[in-house]
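The structure appears right after this line, and notes come after that.
Protein chains: 2
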Amino acid sequence: MSSDLGAPPAVTRRLGYLLKHAQLRLAELAEPLYAPLGITGRQLALLTLFGEGPALSQQDGAARLGVDRTTMVALVDELEARGLVRREVAPGDRRKRLVRLTGEGERVREAGEEVTRQAETLLLAPLSAEDAQGLRAALGRIVRGG
Amino acid sequence: MSSDLGAPPAVTRRLGYLLKHAQLRLAELAEPLYAPLGITGRQLALLTLFGEGPALSQQDGAARLGVDRTTMVALVDELEARGLVRREVAPGDRRKRLVRLTGEGERVREAGEEVTRQAETLLLAPLSAEDAQGLRAALGRIVRGG
DNA sequence: TATTGTTATACTCTATAACTATA
DNA sequence: TATAGTTATAGAGTATAACAATA
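So the protein lines, in turn, are chains W and X.
If you read the first sequence in UniProt numbering, its first letter stands for residue 1, the second for the next number, and so on.
If you read the second sequence in UniProt numbering, its first letter stands for residue 1, the second for the next number, and so on.
Here it is, written out as structure tokens:
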């Protein structure tokens, strides 16, 4: 009883621990799949964000992602440098920059979303389809704020 | 259809997004509760880790938490400076430092774990008891690596 | 006056490399 | 030679403050 290193440690039952490590594991699974596309998971999230629905300004995008608008500047800079998005002055308000995907950005987004599905499938592999769906739904409700 | 800002955005259905924001929300709920104890959530996780079972060396602790051993040095430094833990040379191996909670550290750990339960309860409030349990179990299985 | 994007700057978190002591 | 802890340093990632253009 002195080398009881296999005992279930309470830290690993904390939600904070579980959420952090689930995220780490997802990143581990996903990054190698993104690498061939030449983008990071973060960048793909941005392509997904700006690629859907009506064009968003940088600030709209920042708000949705929960990051600061100054952070968004750098993120959009990266994508613009790779030719995946372009900035357009908003017709109605010349202060705003609408972020739009280029043709190449659109292609990368589609390929990336397929890869995201693969990574999520790997992460959720230990769960039944039902439990996987339940996990996603539960997280969604938590995030949208009880 | 130009100001369709309420449409469900695909980014927010990605597991990466959900996990990150669930974590952010938990931190939001928990940090104000930890503040009166004079510790951060991170520090409490360390107290929980080192407070249970047989004493762990810094490196053992680092491995369990999934951080680098150099990171662990700084984390233990903080707790030691607050008088919550002390380092002891391991009897069998003078290179190792066993991290043990002081009496004060034990008191803070207990208070902190109670607060952690409260924060988790707040986070899980939108879920039924059954779904909350299902979420914890699903995350556990994912993290332990299916 | 207020807001959007931008820049400069600083802060936090974490890891890599190199050192010391022990094994 | 290898391992545990340590230190110095550097790299992400992010935010705050101040500025220019526009509203």
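All C-beta atoms in this analysis are idealised placements derived from N, C-alpha and C, irrespective of residue type, glycine included.
| Check | Outcome |
| --- | --- |
| Segment contact, 8 Å Cβ cut-off, at least three pairs: the region 11 to 22 of chain X with the region 60 to 75 of chain X | no |
| Residue-level contact to chain X via CB, residue 116 (chain W), 8 Å cutoff | yes |
| Ranges of the beta strand (DSSP E) found wholly within the UniProt domain "HTH marR-type" (12 to 144) of chain X, counting only runs of at least 3 | 85 to 89, 97 to 101 |
| Any 3 or more C-beta pairs closer than 8 Å across the region 98 to 106 of chain W and the region 34 to 42 of chain W | no |
| Other residues of its chain near residue 12 (chain W): CB distance less than 7 Å, five sequence neighbours each side excluded | none |
| Alpha-carbon spacing of residue 48 (chain W) relative to residue 40 (chain W), whole angstroms | 12 Å |
| CA-to-CA distance, residue 114 (chain W) to residue 131 (chain X), given in whole angstroms | 29 Å |
| 7 Å CB neighbourhood of residue 17 (chain X) in its chain, flanking five on each side removed | 11 |
| Straight-line gap, residue 105 (chain W) to residue 144 (chain W) (C-alpha atoms, nearest Å) | 29 Å |
| Candidates W:32, W:27, W:73: closest to residue 46 (chain W) by CA position | W:73 |
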